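Report on the following structure.
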Amino acid sequence: MDYFPLFFNLKQRRCLVVGAGDTAFRKVTLLLKTSTHVTVIAPKINTDVQALFQQQHIELIEKVFEDTDLPGYDLVISATQCKQTNSHVANCARQHNIPINVVDSPELCDFIFPAIIDRSPVIVAVSSGGASPVLARLLRSKIESMIAPAYGQLAALADKYRQKVKASVHPAPQRRIFWEQVLQGSIAEKVFAGRQQDAEQQLEELLKHTDTVQSGEVYLIGAGPGAADLLTFRALRLMQQGDVILYDNLVSEDILELTRRDADKIYVGKKRSDHSLPQTSINQLLADLARQGKRVVRLKGGDPFIFGRGGEEIETLMQQGIPFQVVPGITAASGCATYAGIPLTHRDHSQSCTFVTGHLKDDTINLNWEQLARPNQTIVIYMGLVGLSNICQSLIEHGCAETHPVAVIQQGTTHNQKVLTGTLATMSDIINNETISPPTLVIIGTVVNLHQQLDWFNKQ
Ligand code: SAH
């Protein structure tokens with residue numbers, strides 16, 4: 020982060036704008052949205068700036084800028100057409116330790132202006148760090164459309180009741196849940212619809228029955244196969260409400276970044292043969308944290324109900340009466356196949372698809388080989404890399420051709436995705452001669468032949 024976002028309190032401060040053309044006018048107008056005192060210095064004043072002066076919104080000094088003009092100001096903006104004047108103002112400001120912005124010259128600036136979404140007192144600021152103001156503005160318009168115009172009124176309501184709620188709703192996590200109910204439920208909707216009084220009445224009601232405020236709950240969320248933008252909207256919304264996040268090693272940094280910044284993050288494993296927390300302890304931890312009134316996000320790679328032990332986790336929650344939600348995610352089979360250009364089913368190749376685990380138990384893999392060796396189907400093997408030669412051998416023994424196609428997909432959907440293709444006879448050697456970083460998924464079937472032709476991801 021080259022620019023650190025801060026919100027500057029300009030109340031009762033003094034700002035100097037050097038220049039009085041169109042650009043200066045735009046900056047002055049922006050500053051006047053606050054209750055700051057604005058002085059404009061320029062030898063030539065345009066009519067818009069002149070009008071602001073006549074309406075007594077600003078102070079105007081008609082002269083060329085000099086070093087001695089600076090003391091007493093808290094912020095300086097240089098918005099003249101003249102490069103020399105701009106860099107002179109910047110130098111002087113720096114000597115006086117006054118933060119300076121020079122319009123369109125990021126190298127001379129101490130601070131830059133973001134694109135602003137004003138729902139005062141809520142302000143959203145978007146910056147591209149000077150790289151592309153147009154991009155920042157495009158982003159702003161997207162965000163504008165997501166934040167109801169009456170968001171400010173909602174914040175004002177929260178402000179009005181803040182002390183009262185603080186005094187009557189304990190402890191703090193419970194209070195957060197209370198506010199989340201208010202700020203995103205039917206009360207918020209009333210504010211957005213302009214029914215301020217009804218909203219306040221409902222809030223008062225809720226305050227009288229704070230014991231009905233939800234206790235903690237668990238969100239068992241499928242985080243998808245890797246790429247952060249493959250999350251569902253629901254996953255994202257709930258991730259941002261979690262007080263505590265339990266995640267395992269399949270959940271990428273990019274995805275963790277999308278959880279609430281102040282949430283506690285607990286790593287609970289598991290890599291192959293390194294189970295940092297046994298499953299029963301994870302199950303119990305989820306229940307215990309929720310009982311403390313917390314919103315617990317359990318983030319799992321892919322889909323929680325596909326080789327994810329999600330069933331065991333909610334079984335414990337169910338037994339102990341803890342409320343929970345399960346959010347499906349894109350499972351590795353679907354994500355990897357799609358990003359490798361290997362359709363899992365295809366009219367000419369495969370009429371069914373089976374997901375199996377290749378996890379070795381006592382060095383053997385207990386699968387229904389007769390069934391898996393039948394033609395016109397696709398087999399997807401999770402956790403199959405270590406036992407792959409064993410798997411290929413068993414399929415050949417049960418009637419599959421040695422030339423039957425196999426793909427191994429490393430870190431599917433991410434920028435590290437690698438797709439290796441071969442056959443039941445060759446795959447073992449291929450993987451032994453490659454450095455492969457987990458996780459990897461195996462796909463077996465003639466659909467793998469389509470990879471050459473349909474590998475869209477690498478051709479983008
Ligand atoms: N619940 C997960 C699967 C967990 S089992 C899901 O629905 O996807 C872990 C196995 O999933 C790994 O050993 C690997 O076989 C597979 N896997 C998960 N993400 C993957 C990815 N991005 N690329 C390749 N394989 C992946």
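Be aware that the sequence shown starts at 20, since it is given in our numbering, and climbs by one per residue.
We put the CB at the ideal spot given by N, CA and C, even for glycine.
Bear in mind that the values here come from a model prediction, so they are computed numbers and not experimental data.
*Measure the C-alpha to C-alpha separation of D262 and P342 and round it to an integer number of angstroms.*
15 Å
*With distances taken Cα to Cα, identify the nearest neighbour of L250 among L222, V346, S295 and Q193.*
V346
*From the DSSP output, read off the bridge partner residues of Y238.*
V316 and Q344
*Given V315, which residues of its chain have a CB within under 6 Å of its CB, disregarding the five upstream and five downstream residues?*
V237, V263, L305, L308 and A309
*Under 7 Å from any heavy atom of the ligand SAH, does the C-beta of A306 make it?*
no
*Who are the Cβ neighbours of Q311 in its own chain at under 8 Å, not counting the five residues just before and after it?*
P192 and G235
*Span of the beta strand (DSSP E) holding R328?*
Premise fails: R328 is in no beta strand (DSSP E) and is neither H nor E.
*asked:* What ranges does the beta strand (DSSP E) occupy inside the region 411-453, keeping only unbroken runs of at least 3 residues that lie completely in it?
replied: 424-429 and 437-442
*If we count the other Cβ atoms within 10 Å of its Cβ and call it buried at 16 or more, is E332 buried or exposed?*
buried
*Collect the residues with a C-beta less than 6 Å away from any heavy atom of the ligand SAH and give them in sequence order along the chain.*
P244, G245, L269, K319, G320, G321, D322, I325, F326, G327, T350, A351, C355, Y401, M402, I428, Q430, G431, T432, P458, T459 and L460
*Buried versus exposed, by CB contacts within 10 Å (16 or more), N452*: exposed
*Where does H434 land, buried or exposed, given buried means 16+ other C-beta within 10 angstroms?*
exposed
*Could you tell me which residues DSSP puts in a beta bridge with V59?*
V36 and L79
_Mapping the DSSP letters down to three states, classify L50 as helix, strand or coil._
helix
*Could you check where the alpha helix (DSSP H) with S339 kicks off and where it finishes?*
First, the amino acid is wrong: residue 339 is Gln here, not Ser. From DSSP, Q339 is part of no alpha helix (DSSP H); its letter is neither H nor E.
_For S372: DSSP bridge partner residues_ = Before going further, note that residue 372 is Cys rather than Ser in the sequence given. Answer is T397, bridged to C372.
*Nearest-angstrom Cα distance between G329 and P323?*
5 Å
*asked:* I need the DSSP call for P254, collapsed to helix, strand or coil.
replied: Checking the displayed sequence, the identity of residue 254 turns out to be Ala instead of Pro. Helix at A254.
*Which same chain residues, not among the five before or five after F84, have their C-beta less than 7 Å away from its C-beta?*
V37, I60, T104 and V108
*Reference Q429, options E416, T459 and G40, closest by Cα*: T459
*Could you check where the beta strand (DSSP E) with L460 kicks off and where it finishes?*
T459 to I463
*Do you know whose CA, among G360, H365, G340 and P244, lies nearest P457's CA?*
P244
*contact_flag[the region 173-184, the region 46-55] where n(CB pairs < 8 Å) is 3 or more*: no
_Paired residues, beta bridge with K185 - DSSP_ = DSSP, once it has assigned bridges, lists no residue as partnering K185.
_alpha helix (DSSP H) segment containing V201, residue limits_ = A191 to Q203
*Rounded to a whole number of angstroms, what is the C-alpha to C-alpha distance between A123 and Y22?*
This sequence places Asp at residue 123; Ala is not what is there. Near 16 Å, if we compare the C-alpha coordinates of Y22 and D123.
*With a CB to CB cut of under 6 Å and the five nearest residues on each side skipped, what residues in its chain are close to T55?*
L29, R32 and C34
_Do L226 and L497 count as a contact pair if the criterion is CB distance below 8 Å?_
The question about residue 497 has no answer, for the chain in this structure spans 20 to 479.
*Verify whether the separation of the beta carbon atoms of A155 and S164 is less than 8 Å.*
no
*Could you name the residues of the same chain whose beta carbon sits closer than 8 Å to that of V232, not counting the 5 residues immediately before and after it, in chain order?*
Note that V232 has pLDDT 47, beneath the 50 cutoff, so the model's placement of it is unreliable and the number below is only indicative. Closer than 8 Å at Cβ, skipping near neighbours: V188, Q193, I196, F197, Q200 and L225.
_N120 (DSSP reduced to helix, strand or coil)_ = strand
*In three-state DSSP terms, what is V210?*
helix
*Taking the continuous alpha helix (DSSP H) assigned at D273, which residues delimit it?*
E272 to L275
*Throw me the rounded Cβ distance for the I400 and V375 pair, which I believe falls under 8 Å.*
6 Å
*Can you tell me which of the three DSSP states V232 falls into?*
Interpretation of V232 is limited by its pLDDT of 47, a score under 50 that renders its predicted location unreliable; the figure taken from the coordinates is listed afterwards. In this structure, V232 counts as coil in the three-state DSSP scheme.
*Within its chain, find whatever has a CB closer than 7 Å to the CB of D248; leave out the 5 residues flanking it on each side and keep chain order.*
none
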